[in-house]
Amino acid sequence: MMPSTHDWINNPLGVVEGMFAASQNNPNSGWEAKVVEFFKGHLKEKDSHPWVPSLNDVPLHYLKPNSLVKFRCLIQDMFDPEFYLGVYEAVDPATKAKVLRCGKYKDVTECGVDFDSRNTSTAERQTFYCVPIPGESPWVKESYAGTGQARVVPSTSYAPTRQKRSYEEDDDDDDMDTQPQKQREPHTGPQSPTEQHGNGDCKRRETEAPSSQTASASHLDLNFPLPGEKGPSCLVKVYADWDGFKLNDTLEVFGILSVSPALSALADEKDASSSFLDPAQSMETAEEQRVHSPPASLVPRLHLLYAKPLPHNNPLLPSAALEDNSAFLSSTMSEMAAVRAELLTYFTHILLGDALAAEYLILHLISNVYTRRDVLPLGKFTLNLSGCPTVSSYTERFFQIIQQLVPSAYYLCMSLQNMNQMRFVPKKDYVANRLVSGALQLARNTSLFLDETQLEQGQLDTAGVRNVTALGNLISWQKVDYDFNYHQMEFPCNINVLIASEGRSLLPSDCQIHLQSQVAPPHMEEYLSSIHMQPQASQLNKFRMYVSVARLLDYSISDEVTKSVEDDFVDMRKDDPQSVTAEDLHRMLVVARLQSLSLGQTSLCRDSWLRAKHIEMLRRSRMEQHKCLNGNEP
Amino acid sequence: MSSPMSTPGGRKRGRNTNPPTPSSEGPTSPPSQRRRGQDSSNADLMPMPTSPANDVLSPSAPQDTSLFSSPRPSVLPNEVDMSSPLMYGTPSSRIEGTPRSGVRGTPARQRPDLGSVRKAPQVDLQSEPPSADGAVASEQNAGQRLVIWGTDVNVGTCKEKFQRFLQRFLDPTSTEDENAGLDLNEPLYMQKLEEISVVGDPVLNVNCLHVQSFDAELYRQLVCYPQEVIPTFDMAVNELFFERFPDSILEFQIQVRPYNALKTRNMRNLNPEDIDQLITISGMVIRTSQLIPEMQEAFFQCQVCAFSTRVEVDRGRIAEPAVCRHCNTTHSLALVHNRSVFSDKQMVKIQESPDDMPAGQTPHTTIVYAHNDLVDKVQPGDRINITGVYRAVPMRANPRQSNVKSVYKTHIDAIHFRKTDEKRLHGLDEDSEQKLFTEDRVQTLKELAAKPDVYERLASALAPSIYEHEDIKKGILLQLFGGSRKDFSQTGRGNFRADVNILLCGDPGTSKSQLLQYVFNLVPRGQYTSGKGSSAVGLTAYVMKDPETRQLVLQTGALVLSDNGICCIDEFDKMSDGTRSVLHEVMEQQTLSIAKAGIICQLNARTSVLAAANPIESQWNPKKTTIENIQLPHTLLSRFDLIFLMLDPQDEAYDRRLAHHLVSLYYQSEEQIEEEFLDMAMLRDYIAYARTYINPRLSEEASQALIEAYVDMRKVGSGRGMVSAYPRQLESLIRLAEAHAKVRFSEKVETIDVEEAKRLHREALKQSATDPRTGFVDISILTTGMSATARKRKEEIAQALKKLIQTKGKTPAMKYQQLLDELRRQSETAITKELFDEGLRALADEDYLTVTGKTVRLLA
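See the structure below:
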């Protein structure tokens, strides 16, 4: 069990209330800042992290309500800011005395609120809809779950929930709907006449769409970007500096869990008298209410105390920024060249003995958009691996291997059906007032694996064309234009796109390499089935660290190297002005950068440049060769 | 003062249908309550009005204490009368209203947009506001100033101030189109009142900025306490109106609709302090609800004695009378629906306009309630400025539950809508951007404009990541500024195009798309489409069935959406012919005519087109003309003012500079870059400012220079027997010169502008209209699709062919290949198959022969 010093985890609201009470005599105490400082300080302490249970690993019903939890997530949508009772006056049921209460970090007020009290103060907070990081690799999940020490023992933590249940059941006769678990028929039957008085108009509106209500109430769409994802989504309430967050940011949020059943919208909707009181509320569509106040048992609320941005999502790396951890950095960097060699061997094996393709694959995996010059993203390296064998699900197996190495990855089968039917681009649904997610709403540095070998003949419909355009935009500009119906909004992204295809891909790419199989076709099946072997766990971990670290390194070019690169370019142009263009120089500079980083070098040296030039040359000659062999290539 | 009759204390007298004390149940607006409480206890913060009006007011102002007493079920008999001005929820009750029949006779209309005004009693400043003692205290200190409870508003003073404002306010510099036709040297609002008396539309829109410039204190009160001040304004304006126009008949009393309160411009900045204040925000309508009838007054009838009574709805609640006053039966009153009074209400959802948003965030939305005649004023998709009162209402999970959700629902009660894009539909197009510049910003912009190298600076700031192509960047820069708009529609010649169209063509991979992307990101109203993916419909407009209303609606495409902006079209060459043909009209007439699905209309599409095209052979063939390279119809090409070739220059010095540029792109830090170039925001502001405020006209010398330039251009060609310039080229020159003057922030087009326009035009021409065979610049390549030499050559071939056929005598048909071979043998110059075909076609046009498959038949 947890040590008693961890009360701030079990009962964080106690800490908040204590500080609030202490501040009452001193209006300028700045208790709010102190609260944040307190939790930040405690969380910064070594080995405090694992004690905080994580929503990602622990099932919701095992977690204690109003305790401190953490959640690794992506901001999928931002709702409108809401005003809440920051401080309010309530009547204490025991003493009948009026007391000031603090409404921060809570969803529900305690009994007997005096709305007209002069001590009431209104404050503002923002709600983010957060989902688990889309496409998070299984090894990442396992690794995080393994480090968490807050394995909540079901028997003990279940007790409080039990208690709550019984309390609810007592309550049930005067409030029919506090229990969100119980699905009820929408209350569309005739109302008692008194209820109909006064707001017949509201009633009518409410009952307008009963059919859709029943249909989707049974299974709530949690709006995950990728199909088939699991895990809780969460409404995170942010109390300060919400302008600092951006859509699609990946965060680890620490906050107070709130699962009060009073929160579910379903309770509100069907209670006629509540809408009677509140004409404003009934104006919202049922759709919108369901999205914005889903049952807390499905979508818990999290009152944010501290949010830690995740520059990477690799549990094997220290969570602190790399610069602050020079010991770790220097030790890994010295090893990088060696790990690279091992990884190269491994990839060569997987890529049917093609060492050049393996080299490019490494470069691709460590690529990262590190900056943008006006509209131009720099550092992206989309790889088109053409000539993939179409036998025995090679591409799928290939993806699984990549998935084992990167923190998040997604396999997108470019079958005609998928292209025509899947939603790639997020779209704003104005009825429900939310951003309906799409497969391209991904966290930074997600590996997107496009399997073009699955594309068959047929016709793309409008949606399909739009999807292909979206993929093209993503690759060329590293941005996705979200559809806001009346206009589009551009969201920059940073996604590593790898296209596996037979011939040249129909999508643009930064670099195309044709796979040259060293395996004779008759032995292909045999070879492919033998690929499946896994490297050792320790080796796998080394690879994982390698890929993540190489992405995070800084990089520079010295003036001398700049000069020699320029000279080289001029010479190359002299030799063959037709085939060496600015585009090629762009690519070579990226290759050189990645080449250096893959060896753990943070500045470009002459050797790396030459090596980059060399492999580019090899690749180009292979492409020409291929062109000759295969006349129909453009 | 002009309103001796107003004793507002009596405003509460007749209305005793108060609900129970609001402190117990009613979901009110707590934040404002709190604030007001504080305000009124801090009497020293409040400026004391000093006008003598209060002497008239105070003696007869008994305090209303009903708010804090239990409801009195008494209703005066006269209140039942619907036409009574008492229905009006403002202090202008009829008891002490003007003696004039005008006000009396005109029914007042409730203002649900302001909510329950009548709740606020007046209090004496010195007394403790929310106590019953207040009444007593104020009676004793009869000389005290009276203000509406919770505010510092004195009704009399406020009214008088507003009347003075109406009578005296002048705005000689007004540019608003609403004031068109009014004499700017007469009091503005008095003219508007006169208009009301003629037109009979009893709504007076008041610009808050006018109020502010006239009386800042009044403006502050208006913004802080709209709920109290606006009814006072109503009262004042009605008195004034019926004094002036006693005989006019209005449907109901005049309502004042303030707009343009500068409190908040952006939805994102709304915070709890704005609750219950007058705010103006801009946004886009995304949803409107159906009409909702909202009960304003409930009609109850006793089922025992048929005695009837009316109860006003207070904050969404009706206090059902428990006892019949007439027969004293309890719980005998029943609501009669069709005698109750309802008002219209509509929910409108607005969303932040995309321009106001920080990057990487999603737009916020706000609910707006529109009342009465504001219902259905706006449609989804409209961009509007809305003025209204910001409200917050607590949510209650369940009335019988003690726990409540600790959040408020917020909405805005709309008082005034103003469509910001309305003007775009009409012809006028002044400051539709409504971009406001601070003094400092204007200063910096002007300083920048004064620099001698501003043109070069701006050009290099444009897409700094793209190397060189200085002239192309300059061309695009001029396109961004555009020429001056000239309207000759009075004389029947219509509008002249002021927008510059540019076509970039050249080798793939010469960052054409990047340039387009940059421009698209730079301009506020830009559209980016690719020729490959767009259809004619996507560019123009299409009719679709709205899924919600099931009505046919016209959805506008890229060209219409980029009205007043730039439409970037990539892969122009891959566009289908049908799609391209749409552009003909847009690029010269700047309109789009639509006739489909029963909708026939003409939309404005005053857009500049920036297109990029790849050569048909994927690599530019320098031996061919532009037309041959990109295979675009010359009718379309001639509509481009500038056609640039983006080619790889292929020389060493260039390569070196290019290499340096690219490498530095990859290693320079963000700061270094910023030192070198102007940032995008600056550039954007500069362009917006110039487009809005600078409207250069041709000076005398400039006109002369233009004429000379044109004559020169025509002379060049006439020497060789061809025309090298057309009026279209002259128009282009004028546009470019004007744009260049705009870059300099100059109101006059001078000779230097013309020089630059000439230079740029020549550069573009040199690149795109050079005849590859002769090396001469030949405009006819662009205007007719064929260079003059090529045309001459075609003639010759046709003649030679004719001769050849005639020598053969009477053979009605001959083999195609054979004819070609014979002609080749005969001619001393090489004859390609294409050339031969052209010759055949020319002869076919003369009806001399006809070609069917592989045989050539002679006719006649």
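One line per chain: the protein sequences are G and X, in this order.
Just remember that the working numbering sits 4 ahead of the position in the first sequence, which is counted from 1.
Just remember that the working numbering sits 2 ahead of the position in the second sequence, which is counted from 1.
Ideal placement from N, C-alpha and C gives every residue a C-beta, glycine not left out.
When the alpha-carbon of G/F249 is set against those of G/M528, G/M82 and G/V595, the nearest one is in G/M82. Closer than 7 Å to the CB of G/H296 there is not a single CB belonging to chain X. Residue pairing of G/M493 in beta bridges, as defined by DSSP: G/Y486. The beta carbon of G/K250 sits closer than 7 Å to some beta carbon of chain X. Fewer than three beta-carbon pairs drawn from the region 410-423 of chain X and the region 308-321 of chain X are found closer than 8 Å, and the two stretches are therefore not classed as touching. If you draw a straight line from the Cα of X/G841 to the Cα of X/R761, it is about 38 Å long.
Using a Cβ-Cβ cut-off of 7 Å, G/T113 counts as an interface residue toward chain X, since at least one Cβ of chain X sits closer than that to its own.
The residues N424, in chain order, have a CB closer than 6 Å to that of G/D465 in the same chain once the five nearest residues on each side in sequence are set aside.
Taking each of G/L593, G/E86 and G/E530 in turn and checking the Cα distance to G/S297, the smallest one comes out for G/E86. Contact check for G/S513 against G/T606 fails: the beta carbons are separated by 7 Å or more. Here DSSP, grouped into helix, strand and coil, assigns X/H328 to coil. For the region 543-566 of chain G, the beta-carbon criterion of a distance under 7 Å to any beta-carbon of chain X is satisfied by S560, I561 and T566.
Of the residues assessed, X/G508 falls on the buried side of the cut-off, its CB having 16 or more other CB atoms within 10 angstroms. Take X/K514, set aside five residues on each side of it, and the residues of its chain with a beta-carbon closer than 7 Å to its own are L506, G508, A614 and M648, in chain order. Around the beta carbon of X/E354, 16 or more other beta carbons lie within 10 angstroms, which makes this residue buried. Counted as a single uninterrupted DSSP element, the alpha helix (DSSP H) harbouring X/G580 occupies residues D579 to E590. When beta bridges are read from the DSSP output, G/N388 appears opposite G/I503 and G/Q516. Per DSSP, the beta-bridge partners of X/F344 are X/M297. Taking a Cβ-Cβ threshold of 9 Å, none of the residues of chain X is close to G/A474; the smallest such distance is about 11 Å. Per DSSP, reduced to three states, the secondary structure at X/T609 is coil, with no helix or strand assignment. The beta-carbon of X/S701 is placed no less than 7 Å from the nearest beta-carbon of chain G. DSSP places X/S284 within a strand segment (E or B) once states are collapsed to three. In this structure, the straight-line span from the alpha carbon of G/S27 to that of G/K546 is close to 51 Å. What X/D657 touches in chain G, judged by beta-carbon distance under 7 Å, is F573, V574 and R577, going in chain order. Residue burial is scored here from C-beta neighbours: G/H65 has fewer than 16 other C-beta atoms within 10 angstroms and is therefore classed as exposed. With respect to the 7 Å criterion, G/H316 and G/I260 are not classified as neighbours on the basis of their beta carbons. Under the 8 Å Cβ criterion, the region 385-394 of chain X counts as touching the region 275-292 of chain X, having at least three qualifying pairs. Secondary structure within the region 14-53 of chain G: the alpha helix (DSSP H) runs of 4 or more consecutive residues, fully enclosed, are 16-26 and 35-48 (chain order).
Counting only residues of its own chain and dropping the five nearest sequence neighbours on each side, X/Q819 has a CB closer than 8 Å to the CB of K856. With its beta carbon at least 7 Å from every one in chain X, G/V242 lies outside the interface. The Cβ neighbour count for G/M340, taken over all protein chains shown within 10 Å, is at least 16; the residue is labelled buried. Where X/S310 is concerned, the enclosing beta strand (DSSP E) starts and stops at S310 to E314.
A distance below 6 Å between beta-carbons, with the five flanking residues on each side excluded, links G/G235 to the following residues of its chain, in chain order: P136. The Cβ of X/E470 sits no closer than 7 Å to any Cβ of chain G. Secondary structure note for G/D433: it is in no alpha helix (DSSP H), and the uninterrupted beta strand (DSSP E) holding it is K431 to D433. The Cβ atoms of X/A300 and X/S334 lie no closer than 7 Å to each other.
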